[in-house]
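Q: This is the structure I have questions about; it appears just below.
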Amino acid sequence: MARKKTADNLEEDEPGLDISSLIDVCFLLLIYFLVTTTIQPREQDLNMTLPAAAPTDTPPTLAPMFIKVDKSGSIYINTGPSQEALDSDVNVRKLPLLKERLDSYAAAAKAGGNQPIVQIWADPEAMQQRVVDVLNCLASAQVSSVTFTDLVDNP
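According to this note's numbering, the sequence shown is numbered sequentially starting from -8.
Here it is in structure tokens:
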């Protein structure tokens, strides 16, 4: 006796899409992009606190350190005739001279019982990465009281 095929189960014979090769390609692309991306140095955690609504009654006894970032990426401290150029190579992101000055300033401030205060003026055409490098240097020197200013005697 010959068996007859019946077309009772037509729903089961529907063609399906095999996506296993598509998943393999996606994983290969993911691995490719993970390997080929450039690894950027990790930035310091830059906490920000907004100024208080009411000003404090006692002014700080320590003069704030002033840092200037010009459009070429050079970093200066102080203003006027006492202005001093520190790190001018924009390819060096560690800023060793600024870090040394910040460490000595922070140590002197803490020895006097004060909190180190830093004011930063950045030229509007300065690279943002250079300003972030200065902020990283401030964070590594544990200077948390930072103000951006536009009041400069000699920009």
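Yeah, the Cβ is synthetic: ideal placement off N, Cα and C, and Gly gets one too.
Helix, strand or coil, according to DSSP, for V60 in the structure here?
A: Three-state DSSP puts V60 in a strand.
Q: Give the straight-line distance between the Cα atoms of V134 and A117, rounded to the nearest whole angstrom.
A: For V134 and A117, the distance between alpha carbons rounds to 22 Å.
Q: Sort A130, I30 and P107 by Cα distance to K85 and report the nearest one.
A: Closest option to K85, Cα to Cα, is A130.
Q: Do V60 and R121 come within 8 Å of each other at the CB atom, strictly closer than that value?
A: The answer is yes: Cβ separation under 8 Å.
Q: Based on DSSP bridge pairs, tell me the residues matched to F139.
A: BP columns for F139 point to I111.
Q: The alpha helix (DSSP H) spanning I22 covers which residue range?
A: S11 to T27 is the span of the alpha helix (DSSP H), which, as asked, contains I22.
Q: Pull up the distance between the alpha-carbon of T140 and that of V26, whole angstroms please.
A: When rounded, the distance between both Cα atoms is 41 Å.
Q: Can you tell me whether L21 is buried or exposed, with buried defined as 16 or more other CB within 10 angstroms of its CB?
A: Exposed: under 16 other Cβ atoms inside 10 Å.
Q: Given this structure, state the Cα-to-Cα distance separating G103 from W112, to the nearest angstrom.
A: Going from the Cα of G103 to the Cα of W112 covers about 26 Å.
Q: Let me check one thing: in DSSP terms, what residues is I68 bridge-paired to?
A: Its beta-bridge partners are I58 and E75.
Q: Return the CA-CA distance between I68 and D94, expressed in angstroms with no decimal places.
A: Taking the straight line from one Cα to the other gives about 14 Å.
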